[in-house]
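A short worksheet on the structure shown next.
Protein chains: 2
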Amino acid sequence: MLELWFDFASPYSYFAAEVVEAAAARADVPLRWQPFLLGPIFQATQGISDSPFNLNPTRGRYMWRDLERQSARLGVPFTRPTVFPRNSVLAARVACVALDAAWGPRFVRAVFRANFAEDRDITSAAVLADLLAAVGGDAATLALATAPEHKDRLRRATEEATRRGVFGAPSFFVGDELFFGNDRLDAALDWARKA
Amino acid sequence: MLELWFDFASPYSYFAAEVVEAAAARADVPLRWQPFLLGPIFQATQGISDSPFNLNPTRGRYMWRDLERQSARLGVPFTRPTVFPRNSVLAARVACVALDAAWGPRFVRAVFRANFAEDRDITSAAVLADLLAAVGGDAATLALATAPEHKDRLRRATEEATRRGVFGAPSFFVGDELFFGNDRLDAALDWARKA
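And the structure:
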């Protein structure tokens, strides 16, 4: 089993979401998608309340260039969003519920594309409703995601990520073995096959 | 032409140094080795005076585990050094001069192995003299490296790295195109072939 832990605000998580399903299928490894929030983890471990890519402009300039190049290499469309990072709380809450359904991964990819290929405002409930409709999802998911019995799932996921040593996104787990970043996807799948 | 910019204190630079020559030869791309100091860049861009892996223990724990796994994947021996990061100034000054000679890359790999496979103190002139002898290098290199006409080369290299947008190690350049991290070596070589 491969777990993909992602944050909708993270551009490298977008690339992971685009490639992980085919890669896991080729490796014959089952896949679990898990949204979480990186913000509270950055705050707790590094004391920062913005993306490290904004706080270190030299690294930020590199990242945007790297993302363009990776987009070309992977054949995945990418447009630098006009707002970065976009607040991912609502989208992630909806994804927690959406992933109970078979169309969940389609919704996850649609949210990532909205943010990182179409520059749409994924903090907007109207945009998320559009995306739910576009992937054939249940329109009630949006209301359900903010209802008391589901709202807490994202907070618990973020606590679990913290407990398991996650410090960035995307992160992959195979059992307790953590692999950070899209560049470790192959290593994670090899680990899963040996496990 | 592929440029490898490395710091002897950086464990991922060690892996780059172990694999870059064969990879560049396979791609038929000429290679230039360039030592520099990451410390002043971390200080200037992030205001930190220790390794980010020490300052963020969660990330640090991950890094040591990742290095073990990468060691196994690459077939490159790795032992966690008892001192991290080791001050790389003297070794890098010697490397600046050593790389004028054909045995320079052998010396660079010997220093990295001393630090990251043999846990030897690469801040020691005696250790560096040993390594020079082991690779068939010129024993006079050590004295030459700290002589006025050569001592400044490392400082100038670090200034150049800063000017060109380097923020970590290893970094690869193909012309002005920067690729950060060992995981971008293939992308850098592809870029060099297309250039």
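As they're listed, the protein sequences go chains A and B.
Numbers 140 to 334, taken from our numbering, label the letters of the first sequence in order.
Numbers 140 to 334, taken from our numbering, label the letters of the second sequence in order.
Think of the CB as a built atom: it goes at the ideal place given N, C-alpha and C, for glycine as much as any other residue.
Bear in mind the structure is a predicted one, so any value in this text is a computation, not a measurement.
Below-8 Å beta-carbon distance, B/Q173 vs any chain A residue: Here residue 173 of chain B refers to the residue found at position 34 when the second sequence is read from its first residue. B/Q173 does not count as touching chain A.
Residues of the region 294 to 308 of chain A whose Cβ lies closer than 9 Å to any Cβ of chain B, in chain order: Here the close residues are T301, G304, V305, F306 and G307.
Cβ-based neighbour list, A/V266, same chain, cut-off 6 Å, excluding 5 preceding and 5 following: Counting from one through the first sequence, the residue named residue 266 of chain A turns up at place 127. Around A/V266: R259 and D260.
Neighbourhood of B/Y153 by C-beta, 6 Å cutoff - its chain only, sequence neighbours within 5 removed: Here residue 153 of chain B is taken as the residue at index 14 of the second sequence, counted from 1. Answer for B/Y153: F251 and F255, listed in chain order.
Segment limits, beta strand (DSSP E) that includes A/S310: Looking up residue 310 of chain A in the first sequence gives position 171. From DSSP, the beta strand (DSSP E) with A/S310 extends over S310 to V313.
Chain A contact residues for B/L317, given Cβ-Cβ distances below 8 Å: By one-based count along the second sequence, residue 317 of chain B stands at place 178. Y201 and R204, listed in chain order.
Endpoints, the alpha helix (DSSP H) within which B/F217 is located: Numbered from its first residue, the second sequence carries residue 217 of chain B at position 78. According to the DSSP assignment, B/F217 belongs to no alpha helix (DSSP H), since it is labelled neither H nor E.
For B/T184 and A/G199, the rounded distance between their alpha carbons: Taking the first sequence and counting its residues from 1, the one referred to as residue 199 of chain A is at position 60. Taking the second sequence and counting its residues from 1, the one referred to as residue 184 of chain B is at position 45. Answer to the nearest angstrom: the Cα atoms are 11 Å apart.
Where B/W242 sits in the DSSP three-state scheme: Residue 242 of chain B sits at position 103 when you count from the first residue of the second sequence. Reduced to three states, the DSSP call for B/W242 is coil.
Contact belief for B/A273 with B/A249 at Cβ below 8 Å, rounded distance in angstroms: Translated into the one-based positions of the second sequence, residue 273 of chain B becomes position 134. Translated into the one-based positions of the second sequence, residue 249 of chain B becomes position 110. Indeed, because the Cβ distance is near 6 Å, the residues count as touching under 8 Å.
Runs of alpha helix (DSSP H) lying entirely within the region 266 to 325 of chain A, each at least 4 residues, in chain order: You should have 280 to 284 and 287 to 302.
DSSP-derived helix/strand/coil call for A/E160: Residue 160 of chain A sits at position 21 when you count from the first residue of the first sequence. If DSSP states are grouped into helix, strand and coil, A/E160 belongs with the helices.
Near-chain B residues of the region 225 to 253 of chain A - C-beta to any C-beta below 8 Å: Interface annotation for the region 225 to 253 of chain A against chain B: empty, criterion Cβ-Cβ distance under 8 Å.
CA nearest to the CA of A/Q173, picked from A/A300, A/N321 and A/D315: Reading the first sequence from its first residue, position 34 is the one you call residue 173 of chain A. Checking every option, the nearest Cα to that of A/Q173 belongs to A/A300.
Range of the contiguous beta strand (DSSP E) that encloses B/F145: Position 6 of the second sequence, counting from 1, holds the residue named residue 145 of chain B. First-last of the beta strand (DSSP E) with B/F145: L141 to F145.
Classification of A/P287 by the beta-carbon crowding that lies within 10 angstroms, buried from 16 upward: One-based indexing of the first sequence puts residue 287 of chain A at position 148. Classification for A/P287: exposed.
First and last residue of the uninterrupted alpha helix (DSSP H) at A/P179: For the purposes of this step, residue 179 of chain A is taken as residue 40 along the first sequence, with counting starting at 1. Residues G178 to Q185.
Residue range of the unbroken beta strand (DSSP E) whose run includes B/P174: The residue given as residue 174 of chain B occupies position 35 in the second sequence. Here the beta strand (DSSP E) through B/P174 covers L170 to P174.
A/L143 beta carbon less than 8 Å from that of A/F311: On the first sequence, position 172 is the one that residue 311 of chain A refers to. On the first sequence, position 4 is the one that residue 143 of chain A refers to. Taking 8 Å as the Cβ cut-off, A/F311 and A/L143 qualify as a contacting pair.
Cβ-Cβ separation, A/A284 to A/R225 (assumed contact under 8 Å), whole Å: Numbered from 1 along the first sequence, position 86 holds the residue referred to as residue 225 of chain A. Numbered from 1 along the first sequence, position 145 holds the residue referred to as residue 284 of chain A. Taking a contact as a CB-CB distance under 8 Å, the pair A/R225 and A/A284 does not count as one, their CB atoms being some 17 Å apart.
Inter-residue Cα distance where the pair is A/A156 and A/V247: The count along the first sequence starts at 1 and reaches residue 156 of chain A at position 17. The count along the first sequence starts at 1 and reaches residue 247 of chain A at position 108. C-alpha of A/A156 to C-alpha of A/V247: approximately 8 Å in a straight line.
Within-8 Å CB hit, A/A161 to chain B: Position 22 of the first sequence, counting from 1, holds the residue named residue 161 of chain A. Judged by the 8 Å Cβ criterion, A/A161 is not in contact with chain B.
Endpoints, alpha helix (DSSP H) assigned at B/N195: Taking the second sequence and counting its residues from 1, the one referred to as residue 195 of chain B is at position 56. From DSSP, B/N195 is part of no alpha helix (DSSP H); its letter is neither H nor E.
A/T221 to B/V158 span [Cα, whole Å]: Here residue 221 of chain A corresponds to residue number 82 of the first sequence, with the count starting at 1. Here residue 158 of chain B corresponds to residue number 19 of the second sequence, with the count starting at 1. When rounded, the distance between both Cα atoms is 39 Å.
Range covered by the alpha helix (DSSP H) that runs through A/A237: Looking up residue 237 of chain A in the first sequence gives position 98. Under the DSSP assignment, A/A237 falls in the alpha helix (DSSP H) whose first and last residues are V228 to A237.
Length of the line joining the Cα atoms of A/A148 and B/A278: Stepping through the first sequence from its first residue, residue 148 of chain A is reached at position 9. Stepping through the second sequence from its first residue, residue 278 of chain B is reached at position 139. The C-alpha of B/A278 is placed about 54 Å away from the C-alpha of A/A148.
B/R165 to B/R171 span [Cα, whole Å]: Against the second sequence, residue 165 of chain B aligns to sequence position 26. Against the second sequence, residue 171 of chain B aligns to sequence position 32. C-alpha separation (whole angstroms): 15 Å.
Rounded Cβ spacing between A/L317 and B/Y201 (contact assumed at less than 8 Å): What you label residue 317 of chain A is simply residue 178 of the first sequence in a count that begins at 1. What you label residue 201 of chain B is simply residue 62 of the second sequence in a count that begins at 1. The Cβ separation is near 6 Å, so the contact holds.
Helix, strand or coil at A/S152 according to DSSP, with G and I counted as helix: Here the question's residue 152 of chain A lines up with position 13 in the first sequence. Helix at A/S152.
Classification of A/I187 by the beta-carbon crowding that lies within 10 angstroms, buried from 16 upward: If you number the first sequence from 1, residue 187 of chain A lands on position 48. So A/I187 ends up on the exposed side.
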